[in-house]
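Peer 1: Take 1 as the starting number for the sequence shown in the UniProt record's numbering and just add one per residue. Yeah, the Cβ is synthetic: ideal placement off N, Cα and C, and Gly gets one too. Since the structure is predicted, the reported quantities are computational estimates derived from the model, not experimental observations.
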Amino acid sequence: MSGHKEHTKDSARVIAGLKAAVHNPHVSNEAKENAMKRLEEMGQTADPSPPTQGRSAADEAHEKNVLRGYKAATSNPHVSEQAKQHAREVLEAAGIYQKLDIHSDEEHQHRVLAGYKAAIHNPNVSAEAKEHAKEYLSQSGVEVE
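(1) Under the assumption that Leu-91 contacts Lys-117 (Cβ atoms under 8 Å), give the Cβ distance between them as a whole number of angstroms.
(2) Quick one: what does DSSP say Gln-85 is sitting in, helix, strand or coil?
(3) With 16 other CB atoms within 10 Å as the buried threshold, where does Glu-128 fall?
(4) Compute the Euclidean distance between the alpha carbons of Gln-44 and Ile-15, then round it to the nearest angstrom.
(5) Quick check on Val-112: does DSSP put it in helix, strand or coil?
(6) Pull up the CB-CB distance for Ala-94 and Leu-113, whole angstroms please, since I reckon it's below 8 Å.
(7) Whole alpha helix (DSSP H) runs in the stretch 12-42 with 4 or more residues, listed along the chain?
(8) Let's see if you can read the secondary structure: which residues bound the alpha helix (DSSP H) around Asn-65?
(9) Considering only C-alpha positions, which residue in the set Lys-84, Asp-59, Ile-120 is nearest to Ser-138?
(10) Can you name the start and end residues of the alpha helix (DSSP H) that Ala-46 belongs to?
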């Protein structure tokens with residue numbers, strides 16, 4: 001008898017892992033195909049759709065944050081028009097684009113200036129950030145109190 005025990009894989013865990021890989025959007029198509037082949041070799045099939053178990057609160061929160069990022073991109077002057085269009089398409093596909101308050105560049109600039117003004121008076125903002133806000137406002141022709 002040798003000094004170590006032979007390792008065996010729990011086939012139920014292997015099957016569950018392979019099925020998860022097939023339905024994971026972060027797994028490449030090649031890896032998904034390999035997982036499906038292995039499942040077939042084990043006498044299993046991948047379900048045609050992912051399990052219908054409820055999504056976790058963390059998954060839902062992540063999705064909301066991602067969509068907020070796309071929403072922000074639609075009005076960010078540093079984002080290319082191509083990227084803005086992609087963001088609009090993603091939001092439309094999610095069924096929420098029509099609910100968005102897409103504002104003009106003028107309104108966006110107004111909101112930016114208001115944010116810098118608020119930063120100057122916020123006790124939680126560092127002195128460096130307050131100085132930056134004052135400089136930005138001054139360069140934008142806004143008097144700083």
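Peer 2: Inspection of the coordinates gives the following:
(1) Taking C-beta atoms under 8 Å as the contact rule, Leu-91 and Lys-117 fail to qualify, at a distance of about 29 Å.
(2) helix
(3) exposed
(4) It is roughly 8 Å from the alpha-carbon of Gln-44 to the alpha-carbon of Ile-15.
(5) helix
(6) Contact doesn't hold; Cβ gap of about 30 Å is too wide.
(7) Within the stretch 12-42, the complete alpha helix (DSSP H) runs of at least 4 residues fall at 29-41.
(8) Judged by DSSP secondary structure, Asn-65 falls within the alpha helix (DSSP H) whose first and last residues are 57-73.
(9) Ile-120
(10) Run containing Ala-46: none; DSSP gives neither H nor E here.
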